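Numbering (UniProt numbering), first residue to last: 1 to 260.
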Ligand SMILES: [Zn+2]
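Below is the structure:
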């Protein structure tokens, strides 16, 4: 089957037409990704889709950027130069790394402000949501460790004697092991500040959590530890809202990156 047919079917799949073709194409990776998207993206992450074969068709079809990003098909210099050794691969903005989604969303200095804004919006949204459940928030409190160094955890939550120290991260979710490692790092980041956190909040035995959102809007299972600790029921609606916020802020960041 030609790549054009695959792509046309894929991008008509979201509630429009072409049902018969789609049924025949269920096994294809691109469609499976889209189906996951339509169903809320609960499945485990897949490795990057190889776009080399279908890139020409993609460029003709101009599907929505949100779908491209979700399917790992968003064009960057790294992806469009695959199989073309003479094409530029370095970031068009900073020229310090290969231009990948991971670089643009996670490191590129050109979009640093947009990256901070995205992080802060997600932290705000989390804080507002948990406040409905009686948690008091401390946003970026300034804490001094015993060696005099200054630390600013994203969010400390306190209810009765319970304390949660939360580090929010927005990360490219292509590599599930890397995401899990990041979550563990985030969970350990402020453990040396337990005495200071207890003094600030008046609570006891702080627990530490990462809260990781995937830039493509995928929901990651490790956030459930925090949700469980906070005793939040019906977290699903909030998780969906936050996924969509993350995806839309990432798209804005990419637009800023691409703007002439
Ligand atoms: Zn760059």
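Glycine residues also receive a C-beta, built at the ideal position from the N, C-alpha and C atoms.
Here the structure is a predicted model, which is why all the values come from computation and not from measurement.
Would DSSP call residue 221 helix, strand or coil? For the purposes of this step, residue 221 is taken as residue 221 along the chain shown, with counting starting at 1. In the structure shown, residue 221 sits in a helix (DSSP, three-state: H, G or I).
How would the residue list near ligand 1 read, in chain order, if you kept each one whose beta-carbon is closer than 5 Å to any heavy atom? 91, 93, 94, 108
Under three-state DSSP, which class holds residue 171? As a position in the chain shown, residue 171 is number 171, starting the count at 1. Of the three classes helix, strand and coil, the one that applies to residue 171 here is strand, per DSSP.
So, is residue 26 buried or exposed, given that buried needs 16 or more other C-beta atoms within 10 angstroms? Against the chain shown, residue 26 aligns to sequence position 26. Caution applies to residue 26, whose pLDDT of 44 falls short of 50 and renders its modelled position unreliable; the value that the coordinates give is listed next. Residue 26 should be labelled exposed.
Going by DSSP, name the residue or residues bridged to residue 208. Taking the chain shown and counting its residues from 1, one reaches residue 208 at position 208. Paired residue(s): 165.
Residue 226 (DSSP reduced to helix, strand or coil): Translated into the one-based positions of the chain shown, residue 226 becomes position 226. It is helical.
Contacts around residue 140, its chain only, beta-carbon distance under 6 Å, and the 5 residues preceding and following it disregarded: Here the question's residue 140 lines up with position 140 in the chain shown. 152.
Within a Cβ cutoff of 7 Å, which residues of the same chain sit near residue 85, ignoring the five residues on either side of it in sequence? Against the chain shown, residue 85 aligns to sequence position 85. Closer than 7 Å at Cβ, skipping near neighbours: no residue.
Between the beta-carbon of residue 214 and the beta-carbon of residue 173, is there less than 8 Å? In the chain shown, residue 214 corresponds to position 214, counting from 1. In the chain shown, residue 173 corresponds to position 173, counting from 1. Closer than 8 Å, so yes.
What does a CB cutoff of less than 6 Å around residue 114 pick up in its chain, not counting 5 residues either side in sequence? Residue numbering aside, residue 114 sits at position 114 when the chain shown is read from its first letter. Excluding sequence neighbours, residue 114 sits near 253, 256.
Spatial distance of residue 182 from residue 258 (CA atoms): As a working mapping, residue 182 is identified with position 182 in the chain shown. As a working mapping, residue 258 is identified with position 258 in the chain shown. Distance between the alpha carbons of residue 182 and residue 258: 28 Å.
Report yes if the C-beta distance between residue 121 and residue 220 is below 8 Å; otherwise report no. As a working note, residue 121 is residue 121 in the chain shown. As a working note, residue 220 is residue 220 in the chain shown. No, these two residues do not count as a Cβ contact at 8 Å.
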